[in-house]
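Numbering (the working numbering), first residue to last: 5 to 413.
We put the CB at the ideal spot given by N, CA and C, even for glycine.
Below: the structure, in structure tokens.
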Amino acid sequence: MADAESAVEGLAVVAGCYDGTLHGWRDEKLAFAYQAQYGCIKAMAVSDVSLSKANVRGNRVLLAMGGTAEAVHTYDLAGQRELVQLEEHENTITALCFVGNSFLLSGGEDGKLCVWDCKDWALMTVLKGHKPGPVTSVAAHPIGKVALSTSRDNSLRMWNLETARPASRNRLEKYKTLDQACWSATGDQYAVVADDRVVLVFRIEDTSGQPYRVIEPGCRVNALTLATPAGEVVLGLEDGRVLVYTAEAESAPLEMQCEKRVRSVYAVHCSRDGTALAKLDTVYAALSNGAIEIWNGLASQKPEKSDQELRLGASAHLTCMVACPLGAQAIAVTSASKAAKKKAKKQKHKQQKVHTETAKESEAKHTKAKGQGKQKQGNGAKRARPGRQEKEQQRNSPGASKRQRSKKR
């Protein structure tokens with residue numbers, strides 16, 4: 005198992021804001037900030053190559069973002085470049101999730117749950133079943149064979165991604181809305197937020213459809229994640245608290261008090277090379293005032309707020325955050341990509357130079373040949389146009405062709 009200090013190294017953090025701006029950090033240093041869209045960013049997702057053991061094409065780390073602009077923007081996070089915009093939804097994008105880095109799931113207020121191929125970004129299919137309720141969240145199993153989705157129609161649906169058909173439907177009559185579906189790192193548990201205040205944790209082998217654990221923190225739950233193989237439940241609350249519940253239901257949660265209300269949380273679950281951590285030790289908490297606080301020391305039950313925090317600015321209103329370890333391979337791919345781009349630019353400049361010189365030489369030869377032709381034409385006698393008698397003589401000559409003789413007749 006890796007330690008927490010190496011876990012933060014190579015970590016990429018991306019935050020979306022109410023005004024449509026996108027901010028990204030790498031190793032806790034600002035890497036980019038720009039206007040991604042006009043309108044609020046509602047949902048974000050990042051492909052985590054450290055967790056995805058299947059359906060992975062190479063080591064691309066992909067980012068997807070959507071909101072009120074009704075289009076899904078996709079990015080190559082390691083290369084820091086925008087790829088394509090996906091337009092299929094007819095309303096606000098509310099949920100995004102990657103399946104490895106091969107497929108992307110997008111849900112919206114129009115009730116559509118779209119499946120996109122990350123190779124050519126073609127729309128593969130639209131999973132139907134949440135109409136008329138909007139899709140509120142979607143989460144893919146770490147192996148990539150099934151996915152969960154929730155809606156305001158109080159239904160929790162399981163989808164078979166291999167057949168693109170519904171596998172099961174769990175309607176929880178006790179609750180009106182379900183949101184923030186997520187899986188554990190091992191894939192044996194999943195959790196959702198019901199009616200904004202209750203957290204329901206399920207075991208995948210339990211076919212009864214009832215949660216084995218119910219958590220009521222007494223406040224609105226804005227963020228939920230299941231961290232590390234130990235099964236900690238991490239909550240971000242409206243009152244600014246971050247609560248960490250261990251696998252033992254009887255134990256009291258570990259509590260951290262932040263400055264403002266928490267909009268999103270990320271629990272560092274693995275190291276830079278993808279090795280899973282034995283215990284949760286570091287949590288990132290994104291706050292509504294534009295700050296991202298870093299809390300360390302959770303493994304020793306003594307959480308301390310780091311002196312270093314990520315800030316968007318005084319006017320930024322943060323709405324969502326995602327994070328993932330880029331991994332040594334992804335960083336190597338980025339360096340190789342930059343070197344390849346530099347080499348290609350050099351080669352292109354060289355080709356342009358050769359092309360320009362060739363064009364100049366060709367133009368000079370053409371000008372010279374044109375001048376010589378004019379001079380020759382001026383010195384030579386003008387050839388007279390053959391008259392009627394000359395044409396008759398040519399036809400009557402022994403060397404005339406049959407075609408010429410037929411014209412005479």
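| Asked | Found |
| --- | --- |
| Proximity to MET69 [Cα-Cα], best of VAL50, GLY213, PRO170 | VAL50 |
| Contact between the segment 127 to 135 and the segment 175 to 182 (3+ Cβ pairs under 8 angstroms) | no |
| Cβ pair count under 8 angstroms reaching 3, the segment 262 to 270 against the segment 283 to 296 | yes |
| Short Cβ contact (7 angstroms threshold) for ALA185 with SER212 | no |
| Between the CA atoms of CYS21 and TYR38 - distance to the nearest angstrom | 11 angstroms |
| Touch test, the segment 192 to 207 against the segment 218 to 231, Cβ-Cβ under 8 angstroms, three pairs minimum | yes |
| Option nearest ALA16 by Cα separation, candidates MET325, THR371, LEU316, THR362 | MET325 |
| Range of the contiguous beta strand (DSSP E) that encloses ARG156 | Element bounds for ARG156: n/a, residue is neither H nor E. |
| LYS46 classed as buried or exposed, judged by whether at least 16 other C-beta atoms fall within 10 angstroms | buried |
| Cβ shell of THR129 (< 7 angstroms), same chain only, five flanking positions each side left out | VAL119, ALA168 |
| Close Cβ partners of TRP163 (< 7 angstroms) along its chain, the five nearest in sequence each way excluded | LEU131, VAL150, ALA151, SER153, PRO170, ALA171 |
| Same chain only: Cβ atoms within 7 angstroms of ARG173, ignoring 5 sequence neighbours per side | SER159, ARG161 |
| Secondary structure of GLU367, DSSP reduced to three states | helix |
| Contiguous alpha helix (DSSP H) assignments of at least 4 residues, all confined to the segment 167 to 202 | none |
| N-terminal and C-terminal residue of the beta strand (DSSP E) that PRO329 is part of | 322 to 329 |
| Same chain, Cβ closer than 6 angstroms to LEU176, neighbours up to 5 away in sequence not counted | ASN158 |
| Boundaries (first-last residue) of the beta strand (DSSP E) holding GLY20 | 15 to 21 |
| Between the CA atoms of ASP114 and ARG207 - distance to the nearest angstrom | 30 angstroms |
| Beta-carbon contacts of CYS101 that lie in its chain and below 6 angstroms, excluding the five residues immediately before and after | ALA49, LEU109, VAL142, ALA143, ALA144 |
| Neighbour flag for GLU236 against chain B, beta carbons, 7 angstroms | In the displayed structure, chain B is absent; only one protein chain is listed. |
| Simplified DSSP assignment, three categories, for THR25 | strand |
| Residues bridged to VAL287 [DSSP beta-bridge criterion] | ALA271, TRP299 |
| DSSP three-state assignment for THR229, whether helix, strand or coil | strand |
| CA nearest to the CA of GLY112, picked from LEU81, ALA82, VAL76 | VAL76 |
| Helix, strand or coil at THR96 according to DSSP, with G and I counted as helix | coil |
| Per-residue burial, TYR249 [other beta carbons within 10 Å of its own, 16 or more giving buried] | buried |
| LYS283 vs TRP299 beta-carbon contact at 7 angstroms | no |
| Whole-number beta carbon distance between CYS328 and VAL65, since they are thought to touch under 8 angstroms | 7 angstroms |
| Status (buried if at least 16 other CB within 10 Å, exposed otherwise) for LYS116 | buried |
| Integer Cβ distance of ARG265 from GLY244, believed to fall under 8 angstroms | 5 angstroms |
| Best match in LEU302, LYS123, ASN226 for proximity to ASP199 [C-alpha to C-alpha] | ASN226 |
| Under the three-state DSSP convention, the category LYS129 falls into | Note on residue identity: the sequence assigns Thr, not Lys, to residue 129. It is a strand residue. |
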